[in-house]
Amino acid sequence: MKVLVIEDNLELARNMESFLRREGYVCETTHALNEARDKIVSFKYDCVILDLMLPDGNGLELIEFMKEQRIESGILIVSAKNALDDRVRGLDLGADDYLTKPFHLTELNARLRAIFRRRNLNGERAISVNDVTVNPDTMEALIAGKPLDLTPKEFELLLYFVINKNRVLTRQSIAEHLWGDYIDHLANVDFVYQHVKNLRKKIDQASGRDYIETVYGLGYKFNALK
Amino acid sequence: MKIITRFTLYYLGVTLIVLLVGGFIVYNNVQEEVDKEESLELKSWLDNTARRIRNGTPLEKLNVDPVQIKIIDASQPEIPFSVYDTIAMHRHLQRMERHLKAKASYHINGQHYLISAYDVVVEPDDIVDAITKSAVRIIALLLLFVTVSSMLISRRILLPFQNTLKAIRNFNVRREGGIQLPSTNTHEFKQLNSFLADMTAKAQADYKALKEFSENASHEMLTPLAIIRGKLELLAETDNKDEQARLITAAHDAVEKLSRMGQSLTLLTKLTNQEFEATEPINLTQSVEDMLGTFADLIEMKGIRLSSNIAKDVKLKFNPVLADLLLTNLLSNAIRHNTEHGAIDVKLSNPKLVIRNTGPAPDGPPEQMFKRFRKGNQSKDSIGLGLAIVKQICDITGAKVSYTFDEPWHTLSVEFST
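Residue numbers (the numbering used here), protein chains in the order written: chain U, 34 to 259; chain G, 806 to 1223.
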């Protein structure tokens, strides 16, 4: 998967780049609109991660440019400007998703994967790790071929884990992923603990294995067997 | 009291004084003039009588009321003409009236005659009566004309002032564009308008600067926070000893809290600065039910009993984004500040939403609950902006929100404007 990160803040761009590289993406970064235009025309990217506020213009212009040039990369807007009209305009212009700064890198990963899935880019329908298979289209989770009976929230959680396998998911990032922006004001990570506990119990009952590791103080990690 | 009423009253008061003094002057002048004319008349009588004595008319013929002729000592000098007033019986009216009496003596043919005559004159009372009568009529006329004309004129003169008032009433420091003041030729109103124009322009500029500052401050804060958070997340994935993991966690938690605060503050500033229009009615029943669904698992996990009484098809004109924010904050507030195995009661009627929850008593006065960073109790993880946001939303949409505590029930009710 080839991703272009367009972000004027160097450190933020570096954060995304090193995270995505570890995830196995081919990642390039650029810090201005003009440069981004050149790159988009010259190379083919599967997805563009786009900051709206750039030194030489608004990121929305780039979306228009891409639509004119019939460049069919996925577009994920990432902006601190969480004004509703910006979000709506971006999506109207043809962006695939919108992520508000500050975001969790694991959330970025989940959104990217969702875009790829929707665009059917790598042909993957279901995601498999170890003997766990999660199919977002049918909302079905299988463990060792047997269906797992999960609540919608638990399913979301498992999908998030599987997408971000071998990564530490902080409780906050899980909470925000499950409950969206609302968690800003709720911020009670006990709920995350409860959900993870239930999910672990169900996986354990079905397969006798516990893939989810508690990372002391920080959160949880879904371990892929080597 | 209206300014024109005040003007009119003062004006009438002054007129009254002038009329009183004027009446007095008129009285004096009239009296003087009458007396002068009368004494001239009397003098001509006396002179006439003296001439007739000189011509040989017998005294008996001349000595007829009101003329009296006396013969006095001839050696005495002539008495000059003098006039004095007296009260005497009026012949026809048969009552005492003021009379003017004149006397003078004449040396005629060696004899010395003292001639006197009197005549009735206009009484002071009569003059006063006449003056009073005229004054009252003048006052009545003045009252009528001044009142009517002042009403008509004031409307004309004060029109620019009324327009200025209207412009001020419609002025909103948040709205772009300066105040539109009508032009006028009146000096005072011109001054007023120019002051107002300067003042409102200044207020708007200050407001804009403040708004931009708080927006930028909370917004710019979010980018470095996102960097720190990303770095910490990357750091957490490296091999860490327990001690390091603890430090990372603590730093991460603090950054989380800070970024939540930044987002909430940005939201609050936006709520204050932006105009949120309610274009069409939303189905509040649907919104409340959706929100209860979203929070169902959280409520369940905390072992909270939920009871609800939601009226069907409550439709209100309300901005949908604000409605979502409002409901989220109210409900998450009720969950967060609840006790283990507590209860939440949601009641929706038209146009009122009441959310009650059990919880420990707040440690401050209820009216302080809506202040920023003011927490009812130090519930962990709470940043103390939820109810401030609720209040802000209610303020800009004209809804009324109130909070009461009645052991162990916290009640928040929102009355929507219809």
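Note that the Cβ used here is the ideal one computed from N, Cα and C, for glycine as well. Treat the numbers as computed from the prediction; the structure is a model and nothing was measured.
So with CB distances below 9 Å, who are the chain U contacts of residue 1161 of chain G? Looking up residue 1161 of chain G in the second sequence gives position 356. Ordered by position in chain U, no residue passes the 9 Å Cβ test against residue 1161 of chain G, which lies about 19 Å from the chain.
Report the partner residues of residue 90 of chain U according to the DSSP bridge assignment. Locating residue 90 of chain U in the first sequence gives position 57, counting from the first residue. Residue 90 of chain U pairs with U:87.
Which partner residues of residue 912 of chain G appear in the DSSP bridge assignment? In the second sequence, the residue the question calls residue 912 of chain G occupies position 107. In DSSP, residue 912 of chain G forms a bridge with G:917.
Just to confirm, is the Cβ distance from residue 1147 of chain G to residue 1163 of chain G under 7 Å? Here the question's residue 1147 of chain G lines up with position 342 in the second sequence. Here the question's residue 1163 of chain G lines up with position 358 in the second sequence. Yes; because the gap between Cβ atoms is below 7 Å, this pair is in contact.
In chain G, which residues lie less than 7 Å from residue 134 of chain U when you measure between Cβ atoms? Translated into the one-based positions of the first sequence, residue 134 of chain U becomes position 101. The answer, in chain order, is 1027, 1028, 1031.
Same chain, Cβ closer than 6 Å to residue 984 of chain G, five either side skipped, listed in chain order: Within the second sequence, numbered from 1, the residue matching residue 984 of chain G stands at position 179. Hits under 6 Å: 972, 976, 1005.
Could you please give me the residues that DSSP links to residue 1161 of chain G through a beta bridge? Locating residue 1161 of chain G in the second sequence gives position 356, where the first residue counts as 1. For residue 1161 of chain G, DSSP records a beta bridge to G:1150, G:1216.
Can you name the residues of chain C whose CB is closer than 7 Å to the CB of residue 48 of chain U? Among the protein chains of the structure shown, namely U and G, there is no chain C.
Residues of chain U with a CB under 9 Å from the CB of residue 1053 of chain G: which are they? Taking the second sequence and counting its residues from 1, one reaches residue 1053 of chain G at position 248. Near residue 1053 of chain G (Cβ distances below 9 Å), the residues of chain U are 250, 251.
Using the beta-carbon count (16 or more within 10 Å), is residue 97 of chain U buried or exposed? Numbered from its first residue, the first sequence carries residue 97 of chain U at position 64. Label assigned to residue 97 of chain U: exposed.
Any beta carbon of chain U sitting closer than 7 Å to that of residue 1106 of chain G? For the purposes of this step, residue 1106 of chain G is taken as residue 301 along the second sequence, with counting starting at 1. True, the Cβ-Cβ gap to chain U drops below 7 Å.
Please list, in chain order, the chain G residues whose beta carbon lies closer than 8 Å to that of residue 138 of chain U. Position 105 of the first sequence, counting from 1, holds the residue named residue 138 of chain U. Here the neighbours are 1035, 1038, 1039.
Residue-level contact to chain U via CB, residue 1085 of chain G, 7 Å cutoff: Position 280 of the second sequence, counted from the start, is the residue given in the question as residue 1085 of chain G. No, its Cβ sits nowhere closer than 7 Å to a Cβ of chain U.
Spatial neighbours of residue 203 of chain U within its chain, please: CB distance less than 6 Å, with the 5 preceding and 5 following residues excluded, ordered by chain position. In the first sequence, the residue the question calls residue 203 of chain U occupies position 170. Cβ-Cβ distances below 6 Å link residue 203 of chain U to 251, 252 in the same chain, with the five nearest sequence neighbours on each side left out; the list follows chain order.
Since residue 905 of chain G and residue 963 of chain G are thought to touch, with beta carbons under 8 Å apart, how far apart are those beta carbons, to the nearest angstrom? Taking the second sequence and counting its residues from 1, one reaches residue 905 of chain G at position 100. Taking the second sequence and counting its residues from 1, one reaches residue 963 of chain G at position 158. Between residue 963 of chain G and residue 905 of chain G the Cβ distance is about 57 Å, and since that is not below 8 Å, they are no contact.
I need the boundaries of the alpha helix (DSSP H) containing residue 104 of chain U, first residue and last residue. On the first sequence, position 71 is the one that residue 104 of chain U refers to. Per DSSP, residue 104 of chain U belongs to no alpha helix (DSSP H) and is neither H nor E.
By the criterion of Cβ-Cβ separation under 7 Å, what are the contact partners of residue 112 of chain U in chain G? Position 79 of the first sequence, counted from the start, is the residue given in the question as residue 112 of chain U. Correct list: empty, because the minimum Cβ distance to chain G is about 10 Å.
So is residue 45 of chain U in contact with chain G if we call contact Cβ pairs under 7 Å? Position 12 of the first sequence holds residue 45 of chain U. Residue 45 of chain U has a beta carbon lying within less than 7 Å of a beta carbon in chain G.
At a Cβ cut of 7 Å, what residues of the region 185 to 210 of chain U count as close to chain G, listed as they run along the chain? Contact annotation: in the region 185 to 210 of chain U, residues whose CB is within less than 7 Å of a CB in chain G are 186, 200, 201, 203, 205.
Residue 1064 of chain G at chain U interface by Cβ criterion, 7 Å: The sequence position of residue 1064 of chain G within the second sequence is 259, counting from 1. Answer yes: the Cβ-Cβ gap between residue 1064 of chain G and chain U drops below 7 Å somewhere.
Could you tell me which chain G residues have their CB closer than 9 Å to the CB of residue 255 of chain U, listed as they occur along the chain? Taking the first sequence and counting its residues from 1, one reaches residue 255 of chain U at position 222. Correct list: empty, because the minimum Cβ distance to chain G is about 13 Å.
List, in order along the chain, the chain U residues whose C-beta lies closer than 9 Å to that of residue 1236 of chain G? Not covered by the structure: residue 1236 of chain G. The range shown for chain G is 806 to 1223.
So is residue 224 of chain U in contact with chain G if we call contact Cβ pairs under 7 Å? Numbered from 1 along the first sequence, position 191 holds the residue referred to as residue 224 of chain U. Yes, because at least one Cβ of chain G sits closer than 7 Å to the Cβ of residue 224 of chain U.
From the DSSP secondary-structure annotation, give me the bridge partner or partners of residue 903 of chain G. In the second sequence, residue 903 of chain G corresponds to position 98, counting from 1. Among the bridge pairs identified by DSSP, residue 903 of chain G is matched with G:892.
Residue 994 of chain G burial status per 10 Å Cβ neighbour count (16 or more: buried): Within the second sequence, residue 994 of chain G is the residue found at index 189, counting from 1. Classification of residue 994 of chain G: buried, given that the 10 Å Cβ count is 16 or more.
To which residues of the same chain is residue 34 of chain U closer than 6 Å at the C-beta, ignoring the five residues directly before and after it? Position 1 of the first sequence, counted from the first residue, corresponds to residue 34 of chain U. Excluding residues within five positions, the ones whose Cβ falls inside 6 Å are 58, 79.
Going straight from the alpha carbon of residue 1028 of chain G to that of residue 42 of chain U, what length do you get? Here residue 1028 of chain G refers to the residue found at position 223 of the second sequence. Here residue 42 of chain U refers to the residue found at position 9 of the first sequence. Cα to Cα, the separation comes out at about 8 Å.
Where residue 28 of chain U falls: helix, strand or coil (DSSP): Nothing can be reported for residue 28 of chain U, as the shown portion of chain U is limited to 34 through 259.
For residue 840 of chain G, the first and last residue of its enclosing alpha helix (DSSP H): If you number the second sequence from 1, residue 840 of chain G lands on position 35. Segment 808 to 859, the alpha helix (DSSP H) holding residue 840 of chain G.
Measuring alpha carbon to alpha carbon, tell me which residue in U:75, U:135, U:88, U:151 is nearest residue 108 of chain U. Mapped onto the first sequence, residue 108 of chain U falls at position 75. When U:75, U:135, U:88, U:151 are compared, the shortest CA-CA separation from residue 108 of chain U is found for U:151.
Where are the alpha helix (DSSP H) runs, 4 residues long or more, that stay fully inside the region 127 to 199 of chain U, in chain order? The region 127 to 199 of chain U contains these whole alpha helix (DSSP H) runs: 138 to 152, 185 to 196.
With DSSP as the reference, please indicate the residues paired to residue 1114 of chain G in a beta bridge. Counted from its first residue, the second sequence places residue 1114 of chain G at position 309. Within the DSSP bridge table, the entry for residue 1114 of chain G names G:1152 as partners.
Taking Cβ-Cβ distances shorter than 7 Å, what residues in chain U pair up with residue 1102 of chain G? For the purposes of this step, residue 1102 of chain G is identified with residue 297 of the second sequence, where counting begins at 1. By Cβ distance, chain U contributes 186.
Indicate whether the contact test is met: 3 or more Cβ pairs, each with one atom in the region 871 to 878 of chain G and one in the region 931 to 943 of chain G, closer than 8 Å. In short, these stretches do not touch, since the Cβ pair count stays below three.
Check whether residue 1113 of chain G and residue 1151 of chain G have beta carbons under 7 Å apart: The residue you call residue 1113 of chain G lines up with position 308 of the second sequence. The residue you call residue 1151 of chain G lines up with position 346 of the second sequence. For the 7 Å CB-CB criterion, residue 1113 of chain G and residue 1151 of chain G form a contact.
Within the continuous alpha helix (DSSP H) that includes residue 986 of chain G, where are the two ends? Locating residue 986 of chain G in the second sequence gives position 181, where the first residue counts as 1. No alpha helix (DSSP H) holds residue 986 of chain G; DSSP gives it neither H nor E.
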